[in-house]
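Asks: Could you have a look at this structure, given as structure tokens, before my questions?
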Amino acid sequence: MMAEIEGMGSALNVLWLQSGGCGGCSMSLLCADTTDFHGQLRDAGINLLWHPSLSLASGAEVSEMLDAVLDDRLRVDALCVEGSLLRGPNGTGRFHVLAGTGLPMIEWVRRLAAKARHVVAIGSCAAWGGITAGGENPTDACGLQYDDDRPGGLLGAAFRSGSGLPVINVAGCPTHPGWVIDTLMALAADTMHLADLDTLARPRFYADQLVHHGCTRNEYYEFKASAEKPSDLGCMMEHMGCKGTQAHADCNTRLWNGEGSCTRGGYACISCTEPGFQEPGHPFHRTPKIAGIPIGLPTDMPKAWFVALASLSKSATPRRVKLNATADHVIVAPAARKTWIK
Amino acid sequence: MTRLLVGPFNRVEGDLEVTLEIADGRVASAHVNAPMYRGFEQILNGKAPHDALVIVPRICGICSVSQSVASARALADLGGIEMPPNGQHVTNVILATENLADHLTHFYLFFMPDFTRPVYAAQPWHAEAQRRFAPQTGDQVRAAIAARQRWFELLGTLAGKWPHTQSLEPGGSTRPVEASERTRLLARVREFRGFLERELFAAKLEAVGALSSEAELQAWHAQDPTRGDFRLFLTIARDAGLAALGPGPGRYLSYGAYPQPGGRHAFAPGVWHAASNALRVLDAAAIREDATHAWLSDAGGARHPATGVTLPDPDKPGAYTWSKAPRLAGEVVETGAIARQLAAAHQLVRDAVARHGGTVYTRVLARLLELALVVPRMEQWLQQLVVNDAYCASEALPDEGTGVGLSEAARGSLGHWVQTERGRIVSYQIVAPTTWNFSPRDSAGTPGALEQALVGTPVREGETTPVAVQHVVRSFDPCMVCTVH
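Protein chains in written order, with my numbering: chain X, 232 to 573; chain H, 778 to 1262.
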């Protein structure tokens, strides 16, 4: 088997490990929009050395493979880590000891990261700590190179992989299959460079977008016609906790599982690509406000303008939009009018 | 007696380690270790109760919806909230989509690949198994991933995304369905039905679901023993002796699956006792979690989850896993599709278990049978939507109270127990299906279901990761991230 792996020549060798997360980013990955998942990877020059859900090798076969990487007998081009890194209890890493090896996962990741050409954080847990770092963070969970929004994490702020890049943070909870595939394809084609990452080392191809872009509730947003309860059709920013106008991701232009997104599913964007999203300081489903005005205003928008525009647009809300906003079906359809000039 | 430490165990969800004592070519005793702890029950403490609906799906990326459904049900119980029928139907369709996807993933990606191993190279079916089930390259593995991807598009529409939706509320679903959308959803279900009837069963789902005895199943198999992946599995199972491999404790737990408007379940709850051939009433008050052998505090002894405690104690003597040991009236039980279909009185499953017990063969059989049984029900639930009626009752949760949410995930019985004070969660306990199946020994020293099932498993000369052990472990379709959470 080892000979087969080494025989892959110039392909991008991907080693995928899971630690303090849920495995959901792998499950999401399998929903990638393709008729032939493995064929698509192979045709792009991506070779899965080992993946916890997708490989035959188990037990001793895996330990031997990991040893081969540490001994420089097997090349890893992209070390993909899914799940946060569990440093507790008391810095020992014993909250996750990799089965069959007696060695804490944080130690495996440190050693393997030193050998990899690229290190990729798959999902918000591996990037920042994520949900596992919530509450009082009982396991001292962190990301590969971040602790929430503070640089550092397991590998330290100064870490650079063999390629010279920092850890690439394909954040999201779960992460979108397209974000992972596009990242791996770019690495295989050697087209991802420092300038292609944003200030949090997220690939800019999705992190330079806002969830608001392409939201189907935009007409309700424009008129501040707001949903008041689950299943209402209106905009969820004012009352329901939606952060789509601030969250960095292309969820409403690159859809999920066919035609989905959080807002299209009828619930708030919780900004899951953002470090620290798991502890927003308010209940997720309710918008925090001061004097009736949401604290979190749309990105790049001056507050005074927002207040002025909101009050103006509320007073101009068409009856149709106002009534539909608090209903679970369209109760007033748009009037049919001619749009051409006589 | 030799000792074998087996891990990392892949093609299970999460990390798993098994320690085996081997004597005379067989497993003499087994200790199962869930080697990762994240502390979700600690993380939930102090949160607003509704926040659980964001946090608990993230316990598990493969049973995400199951966790949401159990949590929504616990919160509904806390608030005395009743779903409108549309909310119930949509919730069931969403849960069934995940459960069936998990069955499909288990069969094609997790379980069958082991039969492509060189150890089976001399068997007459090996070449065909390789062609179909070799990881990453097998024809049917690739076809199943494609079918799964299309199948989950149901949840793009109904739940926004999968995994980790927030569309499942105590009062129903946040995503109303329009009439034209229902038409498209039904077409998508038929597409999956087509895959199952063409590739997996090579037969109509209704015909497979109606098989009522081992004799009927064997006669149907004999007609064309390699046509369709289910019949190839039956061929392999017979040749590899899977019907005698990995016998469980003989007691089977189901909380009842897919509650219908009016209160009945599509698959009834109950506890099946194989020895007495009898279905007993489920008594959830008799559940206890015993942490004697977990790296967790066991102060106060075994506890009911309503008063449960989860507190790490990493240096505890005698502990060997992060998992507690749930027991029902003091007894070890097995849960999963096999338990669900025994409780629901499916005649084929009852007959197969009466003949062989709960083993590798009967566990996989029950799972595949559910694919045939549930898809037609999903079509009915979608048909039963009254599209312009309400989908979600929205009522506030009380500041103080308790709630219980019992549900059936793909892997079996899942329970959430919540308590709130002053608008905050003060206790949240989760007992997941694999917590039942992969539990460690309890205070009496009684091994858990897998620990019992592994005893007697053959180990070949020189094996470091025994293939038969892998079959037994994977026959439970374990989810280790749910087990400990």
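Each residue gets a CB set at the ideal place from its N, CA and C atoms; glycine is no exception.
When the cut-off is 8 Å and only beta carbons count, does residue 525/X lie next to chain H?
Replies: Chain H, which has no Cβ nearer than 8 Å to the Cβ of residue 525/X, makes this no.
Asks: Just verifying my parser: in three-state terms, what is the DSSP assignment at residue 1256/H?
Replies: Correct three-state label for residue 1256/H: strand.
Asks: Look up residue 788/H in the DSSP assignment and say whether it is helix, strand or coil.
Replies: coil
Asks: As a quick exercise: from 265/X, 309/X, 253/X, pick the residue whose alpha carbon is nearest that of residue 247/X.
Replies: Of 265/X, 309/X, 253/X, the smallest CA-CA separation from residue 247/X is found for 309/X.
Asks: Check whether the Cβ atoms of residue 831/H and residue 844/H lie closer than 8 Å to each other.
Replies: Taking 8 Å as the Cβ cut-off, residue 831/H and residue 844/H do not qualify as a contacting pair.
Asks: So, with DSSP's three-state summary, where would you put residue 561/X?
Replies: coil
Asks: Once the 5 residues before and after residue 1097/H are set aside, which same chain residues still bring their CB inside 7 Å of it?
Replies: 808, 810, 1070, 1217
Asks: Would you mind sorting residue 235/X into buried or exposed? The rule is 16 or more other CB atoms within 10 Å of its CB.
Replies: Unreliable placement is indicated for residue 235/X, whose pLDDT of 45 sits below 50; the coordinate value is still reported in the next sentence. Its Cβ having fewer than 16 others within 10 Å, residue 235/X is exposed.
Asks: At a CB-CB cut-off below 7 Å, which residues of chain X make contact with residue 941/H?
Replies: 255, 404, 405
Asks: In chain H, what lies closer than 8 Å to residue 370/X by C-beta?
Replies: 814, 815, 816
Asks: Is the beta carbon of residue 1141/H closer than 8 Å to that of residue 888/H?
Replies: yes
Asks: Let me know if residue 278/X comes out buried or exposed under the rule of 16 or more other beta-carbons within 10 Å of its beta-carbon.
Replies: buried
Asks: Starting from residue 501/X, find everything on chain H with Cβ-Cβ shorter than 9 Å and list it in chain order.
Replies: Using a Cβ-Cβ cut-off of 9 Å, residue 501/X is close to 831, 943 of chain H, given in chain order.
Asks: Here's the rule I'm using: 16 or more other beta-carbon atoms within 10 Å means buried, otherwise exposed. How should residue 799/H be labelled?
Replies: Buried: at least 16 other Cβ atoms inside 10 Å.
Asks: Taking residue 1211/H as the reference, give the member of 1147/H, 793/H, 885/H with the closest Cα.
Replies: 793/H
Asks: Please state whether the Cβ-Cβ distance between residue 404/X and residue 355/X is less than 8 Å.
Replies: yes
Asks: If we ignore side chains and look at the alpha-carbon of each, how far apart do residue 458/X and residue 885/H end up?
Replies: 42 Å
Asks: Whole angstroms are fine: how far does the CA of residue 424/X sit from the CA of residue 1195/H?
Replies: 48 Å
Asks: In chain order, which continuous runs of the alpha helix (DSSP H) of length 4 or greater are located wholly inside the stretch 286-310 of chain X?
Replies: For the stretch 286-310 of chain X, the full-length alpha helix (DSSP H) segments reaching 4 residues or more read 291-301 along the chain.
Asks: What I want to know is whether the C-beta of residue 1106/H ends up closer than 7 Å to one or more non-hydrogen atoms of the ligand SAH.
Replies: Because no ligand of any kind appears in the structure shown, any question about the ligand SAH cannot be addressed here.
Asks: Please report the distance separating the alpha-carbon of residue 969/H from that of residue 1153/H.
Replies: 11 Å
Asks: What separation, rounded to the nearest whole angstrom, lies between the Cα atoms of residue 233/X and residue 1223/H?
Replies: Residue confidence for residue 233/X is low, a pLDDT of 45 falling below 50, so the modelled location carries little weight and cannot support an answer.
Asks: Flag residue 930/H as yes if its beta-carbon sits less than 8 Å from any beta-carbon of chain X, otherwise no.
Replies: yes
Asks: Any C-beta of chain X within less than 8 Å: which residues of the stretch 778-807 of chain H qualify?
Replies: 782, 783, 784, 785, 786, 787, 788, 790, 791, 792, 793, 794
Asks: Measure the alpha-carbon distance for residue 238/X versus residue 261/X and round it to whole angstroms.
Replies: Because the pLDDT of residue 238/X is 41, which lies under 50, any placement of that residue in the model is unreliable, and the number read from its coordinates should be weighed accordingly. Taking the straight line joining both Cα atoms gives about 26 Å.
Asks: Determine the direct distance from the alpha carbon of residue 1190/H to that of residue 1082/H, and round the result to whole angstroms.
Replies: 14 Å
Asks: From the DSSP output, read off the bridge partner residues of residue 378/X.
Replies: 381/X
Asks: Among 925/H, 1003/H, 978/H, 1063/H, which has the Cα closest to the Cα of residue 908/H?
Replies: Selected option, being the one with the closest Cα: 1003/H.
Asks: Taking the alpha helix (DSSP H) that residue 798/H belongs to, which residues open and close that run?
Replies: Element bounds for residue 798/H: not the alpha helix (DSSP H) but the beta strand (DSSP E), 794-800.
Asks: For residue 1051/H, which option in 1044/H, 788/H, 1042/H, 1030/H has the closest C-alpha, if you only look at C-alpha atoms?
Replies: 1030/H
Asks: Taking Cβ positions only, does residue 1032/H come closer than 8 Å to chain X?
Replies: no
Asks: List the residues that DSSP assigns as beta-bridge partners of residue 1067/H.
Replies: 1102/H
Asks: Please specify which runs of the alpha helix (DSSP H), each continuous and at least 4 residues long, are wholly inside the stretch 478-524 of chain X, giving them in chain order.
Replies: Inside the stretch 478-524 of chain X, DSSP marks no whole alpha helix (DSSP H) run of 4 or more residues.
Asks: Measure the beta-carbon distance from residue 375/X to residue 350/X and round it to whole angstroms, keeping in mind my assumption that it falls under 8 Å.
Replies: 6 Å
Asks: Can you find a CB in chain H that lies within less than 8 Å of the CB of residue 470/X?
Replies: no
Asks: Using a threshold of 8 Å, state whether the C-beta atoms of residue 1005/H and residue 1135/H are closer than that.
Replies: no
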